[in-house]
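Asker: I have a structure here, written as structure tokens, and I will follow up with some questions on it.
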Amino acid sequence: MNLNDVHRGIQKKRPRKRIGRGSGSGHGKTSGRGHKGHKSRSGYSRKPTFQGGAMPMIRRIPKRGFTNRWAADVFAVNVGRLNDCFNEGEEVTLELLSERHLAKGTFDEVKILGDGELTKKLTVSAHRFSKSAEEKITAAGGTINKLVAKRTPAERVEALKKA
1 MNLNDVHRGI
11 QKKRPRKRIG
21 RGSGSGHGKT
31 SGRGHKGHKS
41 RSGYSRKPTF
51 QGGAMPMIRR
61 IPKRGFTNRW
71 AADVFAVNVG
81 RLNDCFNEGE
91 EVTLELLSER
101 HLAKGTFDEV
111 KILGDGELTK
121 KLTVSAHRFS
131 KSAEEKITAA
141 GGTINKLVAK
151 RTPAERVEAL
161 KKA
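Here the sequence shown is numbered in UniProt numbering, starting from 1 and rising by one per residue.
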């Protein structure tokens, strides 16, 4: 780079494109919109789902079932993971599950499932337990503390109806 090139490309403000001001400007006559067609008209905006007139992907894919707006978002944690992340006699709470990255994201309830081995005596607090998880926790000498959900399904429905 030479000293006489320094000014090139250093512009405070790019000059605006003046369209429709004669053919000499390079943007005259059709003002850069080409000839006819939907894009040349004023007020044109393509839908984000538009795929050039082809059948849109959302209409090509088969649909099944529905999304339950009021379903509780349940996060599952296996007994084996509790055995790995907690010490003998420790209390397992929702806060500790989040701290130790066993329960991630947002959820309404936590369910303890019975996959894996549990050899430590733990006091486990959660909203739900599978039968096998309950058996493994009590067999290891631990205790179960069932929590009540923050909101019942009926309360979630009422909150959504108000919103």
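The beta carbon of each residue, even a glycine, is placed where N, CA and C say it ideally should be.
Fair warning: this is a prediction, and the values are worked out from it, not measured in the lab.
Using alpha carbons as the reference points, say which of 66, 69, 67 and 49 lies closest to residue 60.
Answerer: Here residue 60 refers to the residue found at position 60 of the sequence shown. Checking every option, the nearest Cα to that of residue 60 belongs to 49.
Asker: Helix, strand or coil: which one does DSSP assign to residue 145?
Answerer: The residue given as residue 145 occupies position 145 in the sequence shown. It is a strand residue.
Asker: Give the single residue among 70, 63, 100 and 13 whose Cα lies nearest to the Cα of residue 86.
Answerer: For the purposes of this step, residue 86 is taken as residue 86 along the sequence shown, with counting starting at 1. The shortest C-alpha separation from residue 86 is found at 100.
Asker: According to DSSP, is residue 2 helix, strand or coil?
Answerer: Position 2 of the sequence shown, counting from 1, holds the residue named residue 2. Three-state result, residue 2: coil.
Asker: Once the 5 residues before and after residue 79 are set aside, which same chain residues still bring their CB inside 6 angstroms of it?
Answerer: Within the sequence shown, numbered from 1, the residue matching residue 79 stands at position 79. The residues are 114, 116, 118, 133 and 136.
Asker: Helix, strand or coil: which one does DSSP assign to residue 45?
Answerer: Position 45 of the sequence shown, counting from 1, holds the residue named residue 45. Reduced to three states, the DSSP call for residue 45 is coil.
Asker: So the candidates are 70, 131, 103 and 125; which of them puts its Cα closest to the Cα of residue 152?
Answerer: In the sequence shown, counting from the first residue as 1, residue 152 sits at position 152. Of 70, 131, 103 and 125, the residue nearest in Cα terms is 70.
Asker: Over what stretch of residues does the alpha helix (DSSP H) that includes residue 161 continue unbroken?
Answerer: As a working note, residue 161 is residue 161 in the sequence shown. Looking at the DSSP string, the run of the alpha helix (DSSP H) that includes residue 161 is 153-162.
Asker: On the DSSP letters alone, give me the boundaries of the beta strand (DSSP E) that residue 82 sits inside.
Answerer: Counting from 1 along the sequence shown, the entry for residue 82 is found at position 82. First-last for residue 82: 79-85, but that is the alpha helix (DSSP H), not the beta strand (DSSP E).
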